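Single-structure report; data block below.
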Amino acid sequence: AQSVTQLGSHVSVSEGALVLLRCNYSSSVPPYLFWYVQYPNQGLQLLLKYTTGATLVKGINGFEAEFKKSETSFHLTKPSAHMSDAAEYFCAVSDGNQFYFGTGTSLTVIP
Amino acid sequence: NAGVTQTPKFRVLKTGQSMTLLCAQDMNHEYMYWYRQDPGMGLRLIHYSVGEGTTAKGEVPDGYNVSRLKKQNFLLGLESAAPSQTSVYFCASSYGRGVDTQYFGPGTRLTVL
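Chains as they are written, first to last, in our numbering: chain D, 701 to 811; chain E, 12 to 124.
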């Protein structure tokens, strides 16, 4: 079975500072990896995904993530936080059939 | 395109009552999913469907039933609601299997008293 661990249920950063949200996974097969964002009272929407190929993946709103197989990690970063980035972020792994989500990280951006 | 829609948006039930949540998608997606979201637990898969007329159990299927009579609709039923089923329920759809993006509905907030 697959599993996803997101380190830190709450992260606070100052506006303009680096955003780093951590995600580690366990998978018995080469995984497909995803980051989703959830704004208050809304459903989830895709930020970015890794399937094959280049390990550095760029997504929407300036976010990117790097797949590191040796570390079984897929951390999400953004060079400069904006107030509009305040939301819940979910890392997910797929084994090609089902999705398995992490418990989420709530990002607060301090003006 | 409306994308993925869910009906109703909010509902309060008493223990033992039944209800059906409706999910509809207009993207001609084969795959549809029902998740529940609880604080500190992320999203957990209840049931999913890989096409019209098919359903399969996910991680937490007990107490729920589903049906996919039409490709565009995926129904989630609670036959006898329990307080432990108080949650936010999300429906999602995707064109294909694991590499494809899942598109989520806005959610249904269910409270069971």
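From the three backbone atoms N, C-alpha and C, an ideal C-beta is built for every residue, glycine too.
None of the values given here were measured: they were computed from a predicted structure.
Let me see if you follow: with CB-CB separation under 8 Å, is residue i close to chain E or not?
i: glutamine 798 of chain D; result: yes
i: glycine 762 of chain D; result: no
i: serine 773 of chain D; result: no
i: glycine 743 of chain D; result: yes
Would residue i pass as an interface residue toward chain D - the criterion being a Cβ-Cβ separation below 8 Å?
i: threonine 112 of chain E; result: yes
i: arginine 108 of chain E; result: yes
i: phenylalanine 101 of chain E; result: yes
i: phenylalanine 115 of chain E; result: yes
i: glycine 27 of chain E; result: no
i: glycine 69 of chain E; result: yes
On a CA-only basis, which of the options is nearest residue i? Give me that one, please.
i: leucine 80 of chain E; options: E/Val61, E/Val110, E/Asn12; result: E/Val61
i: glycine 116 of chain E; options: E/Thr65, E/Cys34, E/Glu63, E/Val123; result: E/Cys34
i: glycine 109 of chain E; options: D/Pro811, D/Ser709, D/Lys749; result: D/Lys749
i: aspartate 785 of chain D; options: D/Gly716, D/Glu766, D/Gly753, D/Gly743; result: D/Gly716
i: methionine 43 of chain E; options: E/Gly74, E/Leu121, E/Leu24, E/Gly64; result: E/Gly64
i: asparagine 84 of chain E; options: E/Gln28, E/Gly107, E/Cys102; result: E/Cys102
Roughly how many angstroms lie between the CA atoms of residue i and residue j, to the nearest whole one?
i: serine 98 of chain E; j: serine 770 of chain D; result: 37 Å
i: methionine 783 of chain D; j: asparagine 39 of chain E; result: 35 Å
i: lysine 68 of chain E; j: serine 712 of chain D; result: 37 Å
i: threonine 16 of chain E; j: alanine 93 of chain E; result: 25 Å
i: leucine 56 of chain E; j: serine 780 of chain D; result: 33 Å
i: histidine 58 of chain E; j: serine 104 of chain E; result: 12 Å
i: glycine 14 of chain E; j: serine 727 of chain D; result: 31 Å
i: serine 773 of chain D; j: lysine 25 of chain E; result: 43 Å
i: glutamine 48 of chain E; j: proline 730 of chain D; result: 26 Å
i: threonine 752 of chain D; j: leucine 86 of chain E; result: 34 Å
i: glutamine 745 of chain D; j: methionine 52 of chain E; result: 18 Å
i: proline 50 of chain E; j: valine 793 of chain D; result: 20 Å
For residue i, which residues in chain E fall below 7 Å Cβ to Cβ?
i: glycine 804 of chain D; result: Gly53
i: tyrosine 732 of chain D; result: Gly109, Val110
At 9 Å on the CB atoms, spell out the chain D contacts of residue i, in chain order.
i: leucine 56 of chain E; result: Gln798, Phe799, Tyr800, Phe801
i: glycine 62 of chain E; result: Going along chain D, no residue has its Cβ under 9 Å from glycine 62 of chain E, so there is no contact; the nearest lies around 13 Å.
i: phenylalanine 21 of chain E; result: Result: empty, since nearest Cβ-Cβ is about 11 Å, beyond 9 Å.
Please list, in chain order, the chain E residues whose beta carbon lies closer than 9 Å to that of residue i.
i: lysine 769 of chain D; result: Residues of chain E passing the Cβ test: none, with the nearest at roughly 17 Å.
i: phenylalanine 790 of chain D; result: Gly53, Leu54
i: leucine 718 of chain D; result: The premise fails here: leucine 718 of chain D is roughly 24 Å from chain E at the closest Cβ pair, so nothing lies under 9 Å.
Please list, in chain order, the chain E residues whose beta carbon lies closer than 8 Å to that of residue i.
i: threonine 751 of chain D; result: Val110
Can you list, in chain order, the stretches of the beta strand (DSSP E) that have 3 or more residues and sit fully within the segment 38-73 of chain E?
The segment 38-73 of chain E contains these whole beta strand (DSSP E) runs: 42-49, 53-60.
Run through the segment 718-750 of chain D for me and flag every whole beta strand (DSSP E) of 3 or more residues, listed as ranges in chain order.
Within the segment 718-750 of chain D, the complete beta strand (DSSP E) runs of at least 3 residues are 719-726, 732-738, 744-750.
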